[in-house]
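Engineer:
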Amino acid sequence: MPIDFHQHIMVPTDYDAGNPRIGEHVVAHIDAHGGGKAVVLPLAKGNSTAMAKEKWGVEQTAMRTDYALQAYDRFPDTIIPFCHVDPLRPDALDEIRRFHELGCMGFGEHKVRLPVDHPDSLDIYELCGKLGWVVLLHFEYRNYNYNFEVFDQVLESFPDTVFVAHAQAWWANVSAEVPRDWRAEGYTSYPPGPVVRGGLSDQWLSKYPNLYGDLSAGSGLNAISRDPEFGAEFVNRHWQKLLWATDCHCLDGKGNWEGMGPRPCFASQTLPLLKEYCDSDEKYHAITQGNAERVLGL
């Protein structure tokens, strides 16, 4: 059964806005696609992650690690809880050790308004390697872990830490031609059209054994669908380094995005595409389940 490597629980506390999502929704989402497990990724509130207030005008306190652990307690056969701690907290490393003792199984989503090689983040990567934890990173030019081009130095510095890369900058860089200047006219985080071979993400997946790619959200879907010939070749070449994931906020796995309006479920788009691309059942199983089991030690 598949493992969705990118899900969130978003329970509003001090506001009535957005698209609340609880453990039951995560279970319903994966059950709609054959059952299985889902990695729940918190996002800590803090100076480096003031995402919701800046983007939506509300104070987001909903992606707490506590909620992931509570969902795990209720649905231990489905939920795989990760933890997240703002790296600028003076007690960040102690908090991570505490969450490790409480049953968390990885670190992320590390979506912070800092360079990916910020010293406090480097300390976290080192600790996660010692704990045997995966670190899941969100890359987005201007916004999060924004100096993507130095990520290979991080990979080389922490060979014992497994990194899972995700989001717009990571997936745009499957191509050697990629928009990087967010100030340029016509800039897009989701570049369309044919892929120019030799992109950094493609190169790094081949070079670094401690690196995996999270195929979730519109960025992952765009990376493998914008150029179908490249997408099929990429999937079959990196089948041991890719993780099926959705980062889908629909509540039922069938496209119910509640207050956000009807939209296709990402799972309903990526699973058929992977099935079409993979030239063997072994590769499809690895991407949708086996690779996740290996990196998580399941």
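Be aware that the sequence shown starts at 36, since it is given in the working numbering, and climbs by one per residue.
Heads up, the beta-carbon is just placed ideally off N, CA and C, and yes, glycines get one too.
Check the C-beta distance from Ala334 over to Gly248 and give it rounded, since I have them as a contact under 8 Å.
Structural biologist: The chain is shown only over 36 to 333; residue 334 falls outside these bounds and no answer can be derived.
Engineer: Relative to the C-alpha of Ser241, which candidate in Trp217, Arg272 and Phe265 has its C-alpha closest?
Structural biologist: Of the listed residues, the one whose Cα sits closest to Ser241 is Arg272.
Engineer: Grouping DSSP H, G and I as helix and E and B as strand, with all else coil, what is Val120?
Structural biologist: Val120: coil per DSSP, three-state reduction.
Engineer: Compute the distance between the beta-carbons of Leu256 and Ala63, then report whether it is under 8 Å.
Structural biologist: No, Cβ-Cβ distance for Leu256 and Ala63 is not below 8 Å.
Engineer: Evaluate contact between the region 207-219 and the region 143-160, counting only Cβ atoms and requiring at least three cross-stretch pairs below 8 Å.
Structural biologist: As far as the Cβ criterion goes, the region 207-219 does not touch the region 143-160, which means the pair count is below three.
Engineer: In this structure, how does DSSP classify Asp112 when only helix, strand and coil are distinguished?
Structural biologist: Of the three classes helix, strand and coil, the one that applies to Asp112 here is coil, per DSSP.
Engineer: How many Å lie between Asp101 and Cys118 at the Cα?
Structural biologist: Looking at the two C-alpha atoms, the distance is approximately 8 Å.
Engineer: Taking the alpha carbon of Asp314 as the reference point, which residue from Gly266, Gly288, Arg329 and Pro297 has its own alpha carbon closest?
Structural biologist: Taking only the C-alpha atoms, the option nearest Asp314 is Gly266.
Engineer: Give the secondary structure of Val339 by DSSP, where H, G and I count as helix, E and B as strand, and everything else as coil.
Structural biologist: Since the first residue shown for the chain is 36 and the last is 333, residue 339 is missing from the structure and cannot be characterised.
Engineer: Cα separation between Ser236 and Trp205?
Structural biologist: Approximately 6 Å, taken between the alpha carbons.
Engineer: Which same chain residues, not among the five before or five after Pro17, have their C-beta less than 7 Å away from its C-beta?
Structural biologist: Shown here, the chain extends from 36 to 333; a query on residue 17 therefore has no answer.
Engineer: Rounded to the nearest angstrom, what separates Asn128 and Pro263 at their Cα positions?
Structural biologist: The displayed chain sequence assigns Leu, not Asn, to residue 128. One C-alpha to the other measures close to 43 Å.
Engineer: Which residues bound the beta strand (DSSP E) around Tyr247?
Structural biologist: Residues Leu246 to Asp249.
Engineer: CB Gly164 to CB Thr113, shorter than 8 Å?
Structural biologist: Not closer than 8 Å, so no.
Engineer: For the alpha helix (DSSP H) holding Leu333, just list the boundary residues, first then last.
Structural biologist: That residue, Leu333, is in no alpha helix (DSSP H); it is neither H nor E in DSSP.
Engineer: Once you ignore the five residues that flank Asp216 on each side, which residues in its own chain have a CB closer than 7 Å to its CB?
Structural biologist: The residues are Tyr222.
Engineer: According to DSSP, what are the bridge partners of Asp39?
Structural biologist: Ala73, per the DSSP bridge assignment.
Engineer: Look at the alpha carbon of Glu317 and the alpha carbon of Leu123, and state the distance between them as a whole number of angstroms.
Structural biologist: So the two alpha carbons sit approximately 42 Å from each other.
Engineer: Buried or exposed: Ser192, going by 16 or more other Cβ atoms within 10 Å of its Cβ?
Structural biologist: Label assigned to Ser192: exposed.
Engineer: Taking the beta carbon of Glu328 as the centre, do at least 16 other beta carbons fall within 10 Å, making it buried, or is it exposed?
Structural biologist: Its Cβ having fewer than 16 others within 10 Å, Glu328 is exposed.
Engineer: Our contact map puts Ala103 next to Ile44 with C-beta atoms below 8 Å; I'd like the distance itself, whole angstroms only.
Structural biologist: Right, their Cβ atoms sit about 6 Å apart.
Engineer: Got a sec, what are the start and stop residues for the beta strand (DSSP E) Phe301 sits in?
Structural biologist: Phe301 -> not in any beta strand (DSSP E); alpha helix (DSSP H) instead, spanning Phe301 to Tyr312.
Engineer: When you compare the CB positions of His68 and Gly325, do they come within less than 8 Å of one another, or not?
Structural biologist: Going by C-beta atoms, His68 is not nearer than 8 Å to Gly325.
Engineer: Could you check if Ala219 is buried or exposed, using at least 16 other CB atoms within 10 Å of its CB as the buried criterion?
Structural biologist: Flag for Ala219 reads exposed.
Engineer: Based on Cα-Cα distance, which residue from Pro111, Arg132 and Val189 lies nearest to Val120?
Structural biologist: Cα-wise, what sits closest to Val120 is Arg132.
Engineer: If I measure Cβ to Cβ from Gly233 and keep anything under 7 Å in the same chain, skipping five residues before and after, which residues do I get?
Structural biologist: Cβ within range, chain order: Ala211.
Engineer: Report the residue ranges of all alpha helix (DSSP H) runs contained in full by the region 168-214; include only those spanning at least 4 residues, in chain order.
Structural biologist: Fully enclosed alpha helix (DSSP H) runs of 4 or longer: 186-192 and 203-207.
Engineer: Mind checking whether Val74 and Gln42 have CB atoms under 8 Å apart?
Structural biologist: Against a cut-off of 8 Å, the Cβ pair of Gln42 and Val74 comes out as a contact.
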